[in-house]
Amino acid sequence: MTGLTPYLHFPGSARDALAFYQRVFGGELVLNTYADFGRTDGPGESIAHGMLQGRVELFAADAGPGEETLAIRGVMFSLLGTAEPTELASWFAALARGGRIVDPLQARPWGDHDGTVVDRFGVTWLIGYAV
């Protein structure tokens, strides 16, 4: 693994979030539960560590007792130029389902295309490409 990989702590929805991101971006999903790791500080079926491995990589877990859960402000995950334009447009549309479009994916005066979307889990994505 190279580069920065976000690690998100969810309030009991890590399995759903990672499955959603796998449907959007593809890749392989690896899920380990609290029970798998012998943890007794949360429900056995909760995700202690999950990974989406592929073109877009994410780590996620269900927050344990006393751990803070996902609340992102002033941050967006940028996927500028990380795939072909049609695939990026598909990702944008998929992330918008159940979420909200902040700024539509569109041509910009400088010639590039980009847009911003907040997905249903509260993660903000900047998606775009150069022509």
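In the numbering used here, the protein residues as written are 7 to 137. From the three backbone atoms N, C-alpha and C, an ideal C-beta is built for every residue, glycine too. These figures come from a predicted structure and were not determined experimentally.
Task: CB of glycine 48 within 9 Å of CB of proline 71, strictly - done: yes
Task: threonine 39 vs glycine 32 beta-carbon contact at 9 Å - done: no
Task: Whole-angstrom C-beta distance between alanine 136 and aspartate 118, which should lie under 8 Å - done: 5 Å
- [ ] Below 8 Å on the Cβ atoms is my guess for isoleucine 133 versus valine 123; work out the distance and round it to an integer in Å.
- [x] 7 Å
Open item on the list: Relative to the C-alpha of glycine 60, which candidate in Met82, Arg114, Val30 has its C-alpha closest?
Closed with: Val30
TODO: Measure the C-alpha to C-alpha separation of valine 108 and aspartate 42 and round it to an integer number of angstroms.
DONE: 39 Å
TODO: Could you tell me which of Leu37, Tyr27, Arg21 sits nearest to tryptophan 131, measuring between CA atoms?
DONE: Tyr27
- [ ] State the CB to CB distance for the pair aspartate 68 and serine 52, rounded to an integer number of angstroms; the pair is presumed to be in contact (CB under 8 Å).
- [x] 4 Å
Task: Through-space distance from leucine 64 to proline 221, alpha-carbon basis - done: The structure shown has nothing for residue 221, since the chain only spans 7 to 137.
Open item on the list: Does the beta-carbon of serine 52, which I'm using as the reference point, lie nearer than 8 Å to any heavy atom of the ligand MG?
Closed with: With respect to small molecules bound, the structure shown includes none, and the ligand MG cannot be examined in it.
Task: Nearest candidate by alpha-carbon position, reference glutamate 90, set Pro110, Leu76, Asp120, Ile78 - done: Asp120
TODO: Specify the secondary structure class of valine 108 as computed by DSSP and reduced to three states.
DONE: strand
- [ ] Apply the 10 Å Cβ neighbour rule to leucine 10 and answer buried if 16 or more other Cβ atoms are within range, or exposed otherwise.
- [x] exposed
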